[in-house]
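Notes follow once the structure below has been shown.
There are 2 protein chains.
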Amino acid sequence: MPRPLRIAVAGLGTVGAGVVRLLQQHRALIARRAGRELQVVAVSARDARRERGIDLAGVRWQSDPLKLALDPEVEVVCELIGGEDGIALALARAALAAGKPLVTANKAMLAVHGAELAALAEERGTTIGFEAAVAGGIPVIKALREGLAANGIRRVYGILNGTCNYILTQMRESGRPFSEVLEEAQRLGYAEADPATDIDGYDAAHKLALLAALAFGGRPRFDAIHIEGIRQVTPEDIRYAEELGYRIKLLGVARMTAAGLEQRLHPAMVPAQAPIAQVEGVFNGVVVDGDFVGSTVYEGRGAGAGPTASAVVADLIDLARGRRLPVFGVPCSALADHPVAPMAAHVGCYYIRLQVVDRPGVMAEIAAVLRDHAISIESLIQRGRNPGRGVPIVLTSHETTEEAMVRALAQIGRLPSVLEEPRMIRIEPLEAGPGQPEGGRRP
Amino acid sequence: MPRPLRIAVAGLGTVGAGVVRLLQQHRALIARRAGRELQVVAVSARDARRERGIDLAGVRWQSDPLKLALDPEVEVVCELIGGEDGIALALARAALAAGKPLVTANKAMLAVHGAELAALAEERGTTIGFEAAVAGGIPVIKALREGLAANGIRRVYGILNGTCNYILTQMRESGRPFSEVLEEAQRLGYAEADPATDIDGYDAAHKLALLAALAFGGRPRFDAIHIEGIRQVTPEDIRYAEELGYRIKLLGVARMTAAGLEQRLHPAMVPAQAPIAQVEGVFNGVVVDGDFVGSTVYEGRGAGAGPTASAVVADLIDLARGRRLPVFGVPCSALADHPVAPMAAHVGCYYIRLQVVDRPGVMAEIAAVLRDHAISIESLIQRGRNPGRGVPIVLTSHETTEEAMVRALAQIGRLPSVLEEPRMIRIEPLEAGPGQPEGGRRP
Numbered sequence: 000m001p002r003p004l005r006i007a008v009a010g011l012g013t014v015g016a017g018v019v020r021l022l023q024q025h026r027a028l029i030a031r032r033a034g035r036e037l038q039v040v041a042v043s044a045r046d047a048r049r050e051r052g053i054d055l056a057g058v059r060w061q062s063d064p065l066k067l068a069l070d071p072e073v074e075v076v077c078e079l080i081g082g083e084d085g086i087a088l089a090l091a092r093a094a095l096a097a098g099k100p101l102v103t104a105n106k107a108m109l110a111v112h113g114a115e116l117a118a119l120a121e122e123r124g125t126t127i128g129f130e131a132a133v134a135g136g137i138p139v140i141k142a143l144r145e146g147l148a149a150n151g152i153r154r155v156y157g158i159l160n161g162t163c164n165y166i167l168t169q170m171r172e173s174g175r176p177f178s179e180v181l182e183e184a185q186r187l188g189y190a191e192a193d194p195a196t197d198i199d200g201y202d203a204a205h206k207l208a209l210l211a212a213l214a215f216g217g218r219p220r221f222d223a224i225h226i227e228g229i230r231q232v233t234p235e236d237i238r239y240a241e242e243l244g245y246r247i248k249l250l251g252v253a254r255m256t257a258a259g260l261e262q263r264l265h266p267a268m269v270p271a272q273a274p275i276a277q278v279e280g281v282f283n284g285v286v287v288d289g290d291f292v293g294s295t296v297y298e299g300r301g302a303g304a305g306p307t308a309s310a311v312v313a314d315l316i317d318l319a320r321g322r323r324l325p326v327f328g329v330p331c332s333a334l335a336d337h338p339v340a341p342m343a344a345h346v347g348c349y350y351i352r353l354q355v356v357d358r359p360g361v362m363a364e365i366a367a368v369l370r371d372h373a374i375s376i377e378s379l380i381q382r383g384r385n386p387g388r389g390v391p392i393v394l395t396s397h398e399t400t401e402e403a404m405v406r407a408l409a410q411i412g413r414l415p416s417v418l419e420e421p422r423m424i425r426i427e428p429l430e431a432g433p434g435q436p437e438g439g440r441r442p
Numbered sequence: 000m001p002r003p004l005r006i007a008v009a010g011l012g013t014v015g016a017g018v019v020r021l022l023q024q025h026r027a028l029i030a031r032r033a034g035r036e037l038q039v040v041a042v043s044a045r046d047a048r049r050e051r052g053i054d055l056a057g058v059r060w061q062s063d064p065l066k067l068a069l070d071p072e073v074e075v076v077c078e079l080i081g082g083e084d085g086i087a088l089a090l091a092r093a094a095l096a097a098g099k100p101l102v103t104a105n106k107a108m109l110a111v112h113g114a115e116l117a118a119l120a121e122e123r124g125t126t127i128g129f130e131a132a133v134a135g136g137i138p139v140i141k142a143l144r145e146g147l148a149a150n151g152i153r154r155v156y157g158i159l160n161g162t163c164n165y166i167l168t169q170m171r172e173s174g175r176p177f178s179e180v181l182e183e184a185q186r187l188g189y190a191e192a193d194p195a196t197d198i199d200g201y202d203a204a205h206k207l208a209l210l211a212a213l214a215f216g217g218r219p220r221f222d223a224i225h226i227e228g229i230r231q232v233t234p235e236d237i238r239y240a241e242e243l244g245y246r247i248k249l250l251g252v253a254r255m256t257a258a259g260l261e262q263r264l265h266p267a268m269v270p271a272q273a274p275i276a277q278v279e280g281v282f283n284g285v286v287v288d289g290d291f292v293g294s295t296v297y298e299g300r301g302a303g304a305g306p307t308a309s310a311v312v313a314d315l316i317d318l319a320r321g322r323r324l325p326v327f328g329v330p331c332s333a334l335a336d337h338p339v340a341p342m343a344a345h346v347g348c349y350y351i352r353l354q355v356v357d358r359p360g361v362m363a364e365i366a367a368v369l370r371d372h373a374i375s376i377e378s379l380i381q382r383g384r385n386p387g388r389g390v391p392i393v394l395t396s397h398e399t400t401e402e403a404m405v406r407a408l409a410q411i412g413r414l415p416s417v418l419e420e421p422r423m424i425r426i427e428p429l430e431a432g433p434g435q436p437e438g439g440r441r442p
């Protein structure tokens, strides 16, 4: 058996300690599958004395993580510190500049600096493994970069943040409002004390940028993603969604359109029977639509020490085997600069909820505004009477543009009989997939 | 860019023609992702004049597929002829003996001769790609061999035959009996004129043998699989399953038990809310339980020209990139000879349906037999009265052994008041997965 692959681990938080634990626990199994041993030779973390439940005997401590990159004994650097910039980025640059492959779970850093780091890796003849950066232990980076590499990808979409999915699932099951469920999630440890990165959609958008880069062979463009979080989702919307046969999910969607590459992260209504609608609680799910393979679905735990360590070590095994791919699947020179489809050009169906005065003529006013913007109504629910006071109206539209919808809603919001700001949620059409057989020849 | 990878395709049926079409249609895209062109230089098929809708200009025809293996211009052989033995096996042996990697969709051949072929590949320094042999285009071989390589696998299970899943889905949705739905499936082209390979479970068992070999690091042992098909499943069983909160699926399960490696392929009741229960129609689904990653789910089309070609070409791209792994994930010398857990040692819960004379005392007789075999009843449905004549009794058991259950059912079947052979379906306990959140810390 060849000599061990010598690894440095920077950051010994939940994930870093999990990686070390996994490498120790499955040492023999991993050596068989990797063709050689995977050996942690150096680590770096803020507190050398903290008890982490891992054996670090014989492993060198470095107080300065940057020194790991320059350590001649280190062949691969695992960056598990986190953060878009700062020490994580400095370490990534130093490792790649030294020609050493980088393995990282850092979606924020790659979503923003991925193009620069990929170019540096390529220049120095090395690569970046980032399976752990998207959807935890689900091997969806490998599926996109290798398993589905024969396909033109039409669309990739998914539930990419377990905290948001947990909150939306709880809201649906209990009927409670967002703020209450968030507080409970924080108490239970399912949401951070500062939950903004999760619930405002940034974490999921970082992951979407990476999926889109792989699927469409471009540079990650976090800045090009339309992002809306889940703060505005109400129990009423969730109830109406169920009534209409949908569930509300925080969905990241990337697809190629006539206007360019569309990337958006927002609450969306998905058919309740679709596989992605069945992904509940803290789980993640990703769907890839390929032109030859059709729709393929990947589900599992999107975070946590075990799943993330599983993904990091899978990348390490690939490196131990000598398998090195271009970071985003094709050489940097072949990465496309896809035009960015503006959100205004988005074409889709919409759910609209209005609170209006219950008097004759209100529907006529609203219908007239929609007609003026060439928006046609697919369904309408107006239930309960409260003459002279507020009642809800729920509409779904046929396909229209975001631009038309935004303008129509602004105008509707200004009608005197409309009592609150109109609420809008996009409806995501999902192809037939598992659970929705479609026609065709032999299975 | 390095010179093209030169490929021979043996067999130009639906799949073979699909592979050639895919390679032509995505020629530039594939070259970017593979780092070089993938070029079909030679083909072999029975009828050279048949119209296949593919361009074979400049491609050499070989009437004898074995000559492809010896052709010095050919670097990789795609065996897409099919069949457990015969010409397919001869070609596989010839290609590997010549040190050329083999890419194949042939699950029957690999399930039976996989160990021999893997040893030959290793001896000659080459490998076998067989992503297309299991679950069509879903990259589940890659997930097991690479993406989840850091995990000890506890269990792998799945719906591996689209024909059977289509029939069971139709039976559930329409309430019609097996024979009627099979006939319709044959008319629609979803089932073969001779459907035995599919509906008696052999096709799915071939795939299970390959999944189990990868998951548990052993040789494929098709002969060690307990196989039951779906001919015996009745609309009554499907109805009772729904009432009890289950769906009936033809499930392949491999798991490590105290008695050894258990491999079984049979109709099973799975919780209706589990992700695998949602895989309907012609779709396939596979679940892998890993000790670090938890439960991960893979779904998509399990067959057809497009999905199968997607998997074959993914293997070709891996080879073009120089990525070559041991056939079953570890060197042949490291493959374990796991003891075969006899089916009699299987431990699980059971569904039992009896047709009995409706008179006092019958339940007492049945309960006494179960008690004598230490089987405890979990639930019981006895509905409708038909004094002195036949009524159904449906039971579910707590955990017991297959041996105890088989003996108890034989004894129950001999009771004078039991009118028909007792029907039994195993219940598969599924861990919490997507859709079934469990406790734990941060998602």
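Residue numbers (numbering that gives the first Met the number 0), protein chains in the order written: chain A, 0 to 442; chain B, 0 to 442.
Glycine included, C-beta positions come from ideal geometry on N, C-alpha and C.
Bear in mind the structure is a predicted one, so any value in this text is a computation, not a measurement.
For the putative contact between residue i and residue j, defined by C-beta atoms under 8 Å, what is the C-beta separation to the nearest angstrom?
i	j	result
A:T126	A:R323	5 Å
B:V281	B:G161	4 Å
A:T307	A:G135	6 Å
A:Y349	A:M404	5 Å
A:I166	A:G299	19 Å between Cβ atoms; not a contact.
Do you know offhand how far residue i's Cα is from residue j's?
i	j	result
B:P1	B:R31	12 Å
A:L21	B:L67	45 Å
B:Q185	A:L37	52 Å
A:P3	B:G328	18 Å
B:L243	B:T399	19 Å
B:P325	B:C331	8 Å
A:V356	A:E364	12 Å
B:R175	B:E183	11 Å
A:A313	B:I424	38 Å
B:A208	B:E83	14 Å
B:V58	A:A91	47 Å
A:A212	A:I224	12 Å
B:R5	B:V102	13 Å
B:E401	B:H265	13 Å
A:L249	A:L210	16 Å
Restricting to Cα atoms, I'd like to know which of the options is closest to residue i.
i	options	result
A:S62	A:A9, A:G52, A:N105, A:Q38	A:A9
A:R123	A:V346, A:E419, A:P100	A:P100
B:V232	B:L147, B:A308, B:G200, B:R370	B:G200
B:S396	B:V361, B:R5, B:H265, B:R352	B:R352
A:S253	A:P338, A:D357, A:L88	Just to set this straight, residue 253 of chain A is Ala in the shown sequence, not Ser. The residue with the shortest Cα to Cα distance from A:A253 is A:P338.
A:A33	B:A142, B:A131, B:A148, B:P138	B:A148
B:V19	B:V286, B:A304, B:I140, B:R220	B:A304
B:R406	B:A94, B:S332, B:H372	B:H372
A:C77	A:P234, A:V14, A:R35	A:V14
Subject >> Residues, ordered as in the chain, of the region 106-137 of chain B that lie near chain A by beta-carbon distance below 9 Å >> reply: E130, G135, G136, I137
**OP:** Closer than 7 Å, Cβ to Cβ, to anything on chain B: give me those residues from the region 286-300 of chain A, in chain order.
**Re:** G289, F291, V292, G293, S294, T295, V296, Y297, E298, G299, R300
Original post:
Looking at chain B, which residues of the region 72-105 of chain A have a Cβ within less than 9 Å of any of its Cβ atoms?
Top reply: none
**OP:** Using a Cβ-Cβ cut-off of less than 7 Å, list which residues of the region 13-31 of chain B approach chain A; keep chain order.
**Re:** L21, H25, L28, I29, R31
Subject >> Near-chain A residues of the region 255-282 of chain B - C-beta to any C-beta below 9 Å >> reply: Q272, P274, Q277, V278, E279, G280, V281, F282
Original post:
Of all the residues that make up the region 328-344 of chain B, which are near chain A by a beta-carbon distance shorter than 7 Å?
Top reply: G328, V329, A333
Subject >> Inside the region 88-162 of chain B only - alpha helix (DSSP H) runs reaching at least 4 residues >> reply: 106-122
Subject >> In chain order, each beta strand (DSSP E) run of at least 3 residues that lies wholly inside the region 292-377 of chain A >> reply: 293-300, 346-356
**OP:** Give the residues from the region 197-225 of chain B that approach chain A closer than 8 Å (Cβ to any Cβ), ordered along the chain.
**Re:** G216
Subject >> Residues of the region 345-377 of chain B with Cβ closer than 7 Å to any Cβ of chain A, in chain order >> reply: none
Original post:
At which residue ranges does the region 398-436 of chain A contain complete alpha helix (DSSP H) runs of 4 or more residues, listed in the order of the chain?
Top reply: 401-412
Original post:
Any residues in the region 37-57 of chain A with a beta carbon nearer than 8 Å to a beta carbon of chain B? Which ones, in chain order?
Top reply: none
Original post:
At which residue ranges does the region 20-49 of chain B contain complete beta strand (DSSP E) runs of 3 or more residues, listed in the order of the chain?
Top reply: 37-43
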